[in-house]
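Notes to accompany the following structure.
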Amino acid sequence: MGALQYLTFTRRDIAFSVNQACQFMHNPMVSHVVAVKRILRYLKSTLHLGLHFHPSPLHLQAYSDADWAGDPNDRRSVSGSLVYFGSSPISWASKKQHTISRSSTEAEYRALAITAAELAWIRQLLCDIHILLLLPPLIHCDNISAISLASNPVFHSRMKHLQIDYNFVRERVIMGDLLVQHVSSSDQFADILTKDLFISLFQHHCSNLMLGSSQPVIEGACKDINGPDDAKCQKISN
Amino acid sequence: MVKPTTVRLVLALAAHFNWSLRQLHVKNVFLHGILHEEVYMTQPPSFVSKAHPSDFVYWLKKSLYGLKQALRAWNERFTSFLPSLGFQASLADSSLFVQHSSHGTLILLLYVDDIILTGSHSSLFSSVIAALSQEFDLTDLGPLHHFLGLQISYLPSGLLVSQTSYITDLLDRVDL
C-alpha cells in the first residue's frame, strides 16, 4: 500500500482510489484486496504514463473541490486540491476531512482553505527561488456559496464554527494574495481527486492531468481499463 | 525530507526555462557526519587496539552507519557547509538550497545522499561540483535520469517524469 502511495508522486489518476483503499488497511477484507488488485491491473495497462512538464506562462492556478459527505460509513467529506504552475501540475491531494460538514458549502470552504494554505506555501518557495509571479494565484471552485463567502463579509450562524478557515481565506482575498473564481463542475479538474467518476469524465480529466506517455500506443489501452477502475471505487465505498 | 511538491516545482521550472539538470551522489554519506554527543563503541574484530585490547572502548568522533544520530549529523554537516558556497536554505523547504549571484540562479535539492543541481547557467555547475567534491566524496552522475524511483526523459517539448520501472518492480513483487 505504501508503494502505491509513493506512486501518486507522478500518478494523480490513482490518488483517490489509493486514498480510499488505504482507509481500510487496519482491517482489510476480501473486497479491499480485490480493489487493490484492480488498481495494480490498471497500472499495468497504463505503465508508461508520466507527468509532462513543458514551458508555459508562469502562473499559479489551483482547483479546489470537495465531495460532501461522500463516505457512506462516516459521512465525512473528501477534499481534493490540485495546483498548476503554468501548465504543469505540481501539487495535489486527496484527503478525507477531519470533521463532518453539515453543508456542501462548509465542505467546499474547508477544501478552499486547504488549497489556500498550500498555495501560500508554494508562493514562499517561489519567493525563495526569486521567481516573482505577475498575477496573484487563482483558485477555481465550483461552489458559488463558498466563493461568495470568500469575498463577502456575510457571516451566517451556520458558518460560525468555520471561523478559522473562513478568516484565513478571506484575509488572503482582501490582501489581494488570492483570487477565487467559479468554474463549472465539468471543468473542475480536481473532481478526479474527490470521487469515483464515470468513464468518460475520468478520461476527460486524465487528459487534463498532463499525463504524457513515452509510448503513445499504450494510451489506447488505458481506455479499456478505466471502466473497471471506476467500478473499483464503487466497490470500496460500499 | 524533500517534499514531492518541491521536486515537481523544480522540475517544472527546469522544463520552463530549459535549464539542464545534473545529478550528484555522495559516497558513504553517513560517515561524513560529525558527532556532538558522546557515543562509545566496543572494539570490533580486526580493529582491536594493540595497546589496550580489553576493557577499552572507542569514543566516536564521526558518525557510522546504523547510528540513530547518523542522518541528523550528515544533514547538519552538509547544511552548514553550503552557505560557504553562497547557498541559502529555503524557508519553505529545508532541503532546497538556492544560490543567487550576478551570473544567475542555481538550485540544489538534497535527498539524503542524492543531489540535484539545476540553474540558469550550466557553467555555474562546475565550480559548485568542484567545491563539493573537495569537501565530500562525490560522484558526478551527469544529466539527471533517475531520482527517487522517478525516470526523467527529455523530450523536445519538455520533460516527462514517469515511474514505469517502479511500477514494473511492484507488479513483479505481487506476481501480476
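Chains B and W, in that order, give the protein sequences. If you're matching positions, the first sequence starts at 99 in our numbering and goes up one per residue. If you're matching positions, the second sequence starts at 17 in our numbering and goes up one per residue. Each residue gets a CB set at the ideal place from its N, CA and C atoms; glycine is no exception. Small disclaimer: the values here were computed from a predicted structure and weren't measured.
Counting beta carbon pairs with one atom in the segment 40-50 of chain W and one in the segment 149-163 of chain W, are three or more of them shorter than 8 Å?
yes
Would you mind telling me which residues of chain B sit closer than 9 Å to Arg24(W), beta carbon to beta carbon, in chain order?
Phe107, Thr108, Leu149, Phe151, Phe183, Ser186, Pro187, Ile188 and Ser189
Since Phe46(W) is in the alpha helix (DSSP H), which residue starts that stretch and which ends it?
Segment: none, Phe46(W) is in no alpha helix (DSSP H) and carries neither H nor E.
So, at 7 Å on beta carbons, what are the nonlocal neighbours of Ser243(B) in its own chain, with the 5 sequence-adjacent residues on each side left out?
Thr203
Comparing C-alpha positions only, which one of Ala205(B), Asp163(B), Pro170(B) and Asp169(B) sits nearest to Ala191(B)?
Asp163(B)
Return yes when the C-beta of Val128(B) is under 8 Å from any heavy atom of the ligand ADP, and no when it is not.
Among the components modelled here there is no ligand, and therefore nothing to report on the ligand ADP.
In the structure shown, what three-state DSSP assignment does Gly82(W) receive?
coil
Amino acids of chain B, ordered along the chain, whose beta-carbon sits closer than 9 Å to that of Leu114(W):
Per the sequence shown, residue 114(W) should be read as Val rather than Leu. Chain B residues near Val114(W): Asp226, Ile227 and His228.
Let me check understanding here. Comparing Cα to Cα, which of Val181(B), Arg173(B) and Gln279(B) lies closest to Ile198(B)?
Arg173(B)
Do you know offhand how far His107(W)'s Cα is from Ile229(B)'s?
According to the sequence displayed, residue 107(W) carries Leu and not His. Whole-angstrom Cα-Cα distance: 14 Å.
So, is Glu8(W) buried or exposed, given that buried needs 16 or more other C-beta atoms within 10 angstroms?
Because chain W spans 17 through 192 in this model, residue 8(W) falls outside it and cannot be assessed.
Since Gly174(W) meets chain B, which of its residues come closer than 8 Å, beta carbon to beta carbon?
His150, Phe151, His152 and Pro153
Kindly indicate which three-state DSSP category Ile262(B) falls into: helix, strand or coil?
helix
Taking CB distances under 9 Å as the criterion, tell me whether Leu180(B) reaches chain W.
no
Residue burial classification, Ile262(B) (beta-carbon count within 10 angstroms, cutoff 16)
exposed
Output needed for Ile50(W): all residues of its chain with C-beta closer than 8 Å, excluding positions within five of it in sequence on either side, in chain order.
Lys77, Lys78, Ser79, Ala89, Glu92 and Arg93
Quick check on Val3(W) - is its C-beta less than 9 Å from some C-beta in chain B?
Residue 3(W) is absent from the structure shown; chain W starts at 17 and stops at 192.
Taking contact to mean at least 3 C-beta pairs separated by less than 8 Å, is the segment 122-134 of chain B in contact with the segment 206-222 of chain B?
no
Taking 9 Å as the CB-CB cut-off, is Leu236(B) touching chain W?
no
Distance between beta carbons of Arg24(W) and Ile188(B), contact taken as under 8 Å
4 Å
Just how far apart, CA to CA, sit Phe141(W) and Ser179(B)?
36 Å
Specify the secondary structure class of Trp166(B) as computed by DSSP and reduced to three states.
coil
Is Leu276(B) closer than 9 Å to Val267(B) when the C-beta atoms are compared?
yes
Beta carbon of Ser96(W) nearer than 9 Å to that of Val18(W):
no
Checking the sheet assignment: what are the DSSP bridge partners for His119(W)?
DSSP lists no partner for His119(W).
Segment limits, alpha helix (DSSP H) that includes Thr180(W)
Thr180 to Arg189
Sequence-distant residues of its chain with Cβ nearer than 7 Å to Pro155(B) (five each side left out)
Gly184
So, is the C-beta of Phe33(W) closer than 9 Å to a C-beta in chain B?
yes
Span of the beta strand (DSSP E) holding Thr134(W)?
Asp130 to Gly135
Which residues in the same chain as Thr180(W) place their Cβ atom closer than 7 Å to its Cβ, once the five residues preceding and following it in sequence are excluded?
Gln167
With H, G and I counted as helix, E and B as strand and the rest as coil, what does DSSP make of Ala108(W)?
coil
Taking C-alpha atoms, which residue in Ala248(B), Ile245(B), Leu232(B) and Ser115(B) lies nearest to Leu158(B)?
Leu232(B)
Are the beta-carbon atoms of Ser249(B) and Val271(B) separated by less than 9 Å?
yes
Please say whether Trp35(W) and Ser138(W) have beta carbons closer to each other than 9 Å?
yes
By the DSSP assignment, the alpha helix (DSSP H) with Asp226(B) in it spans what residues?
Ser202 to Asp226
Any beta carbon from chain W within less than 9 Å of Tyr344(B)'s own beta carbon?
In the structure as shown, chain B starts at 99 and stops at 336, and residue 344(B) therefore has no counterpart that could be examined.
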